[in-house]
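As structure tokens, the structure follows; a few thoughts come after it.
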Amino acid sequence: MQGLSIIIEEMIFIGLFLLELVILFFFARLVTSSLSQFFLRLTRSQNTTIQLLSLLFLPGVIIHELAHLLVAGLLFVPVGEIEFFPQIKDPPAGGGVKLGSVAIGKTDPLRRAIIGVAPVFAGLAIMLGSLFYLSSAQFAFIPFPWNIIFLVYVLFTIGNTMFSSRKDVEGLLENEFTQFAKRASLFMLVPLGIDVLVYAAIRIFVKR
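In terms of my numbering, the sequence shown opens at residue 391 and continues consecutively.
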């Protein structure tokens, strides 16, 4: 029973983490779009709005695009031009703001998916590392409240730029990947069926 309770507790924390990640994803989109509208209304200048967004989100955008670039290089996928400065998208393109971009060469769906989600893992690692190191005694030389302000800024800029865009995960929607997912779901029935049969046999044997 103790082992089962530990597993349940771990599953609860994993589920909570995933839920928080999903909520952060939607809020990141909402905050970025709202900030662009706020700056545009405040300055009445699209160029000034882009410059303000560039300044605000630049560290997170650099980390996001470099994560794509580095993982693509590790997977031997060619890359093209990289852009670190935000652009306000036209209404026909869905509106909102595009925070940087990097051109990724055509590759198989698996490598495309890994490259697409790389910024999420990089962002999580940096945010968790920042929370750990910036709250430790090693960074006591940063006076209060500047250490708190710096930490909040790091979490804000990375948390709002680490998620993959629709362009990043477009490889996941390709027909080849869909066919792979269909076949994989059928193949997964085999080990699942084996486990069900083994479990049922054990339960029957134990009850005797």
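Ideal Cβ positions, reconstructed from N, Cα and C, are used throughout, including at glycine.
Legend entry - Inter-residue spacing [alpha-carbon to alpha-carbon] between S395 and I404: Cα atoms of S395 and I404: separation of roughly 14 Å, rounded to the nearest angstrom.
Inset, instruction - Have a look at L445 and T439 and give me their C-alpha separation to the nearest angstrom. - result: Looking at the two C-alpha atoms, the distance is approximately 10 Å.
Inset, instruction - Give the range of the beta strand (DSSP E) segment to which S491 is assigned. - result: DSSP places S491 inside the beta strand (DSSP E), whose first and last residues are 491-494.
Inset, instruction - Can you check DSSP and say which residues form a bridge with V469? - result: Per DSSP, I494.
Inset, instruction - Consult DSSP for R501 and reduce its assignment to one of helix, strand or coil. - result: In the structure shown, R501 sits in a helix (DSSP, three-state: H, G or I).
Legend entry - Within 7 Å, strictly: CB atoms of A457 and A512: Contact: yes.
Inset, instruction - Counting only runs of 3+ residues fully inside the region 408-478, write out the beta strand (DSSP E) ranges in chain order. - result: Counting only runs that start and end inside the region 408-478, the beta strand (DSSP E) elements of at least 3 residues fall at 469-473.
Inset, instruction - Taking the CB atoms as reference points, tell me whether N550 and V421 lie closer together than 7 Å. - result: In contact: N550 and V421 (Cβ atoms closer than 7 Å).
Inset, instruction - Select from I505, L541, P535 the residue whose C-alpha is nearest the C-alpha of L521. - result: Just measuring C-alpha positions, the residue of I505, L541, P535 sitting nearest L521 is L541.
Legend entry - Classification of I505 by the beta-carbon crowding that lies within 10 angstroms, buried from 16 upward: Result: buried.
Legend entry - Backbone CA spacing between G470 and V461 [nearest angstrom]: If I take the Cα positions, the gap works out to 14 Å.
Inset, instruction - Compute the distance between the beta-carbons of I599 and M517, then report whether it is under 7 Å. - result: Because the chain here runs from 391 to 598, residue 599 falls outside it and cannot be looked at.
Inset, instruction - Keeping to the same chain, check which residues put their C-beta closer than 6 Å to that of F429; ignore five residues upstream and five downstream. - result: So the list reads T439, L442, once near-sequence residues are dropped.
Legend entry - For L448 and E473, the rounded distance between their alpha carbons: Going from the Cα of E473 to the Cα of L448 covers about 11 Å.
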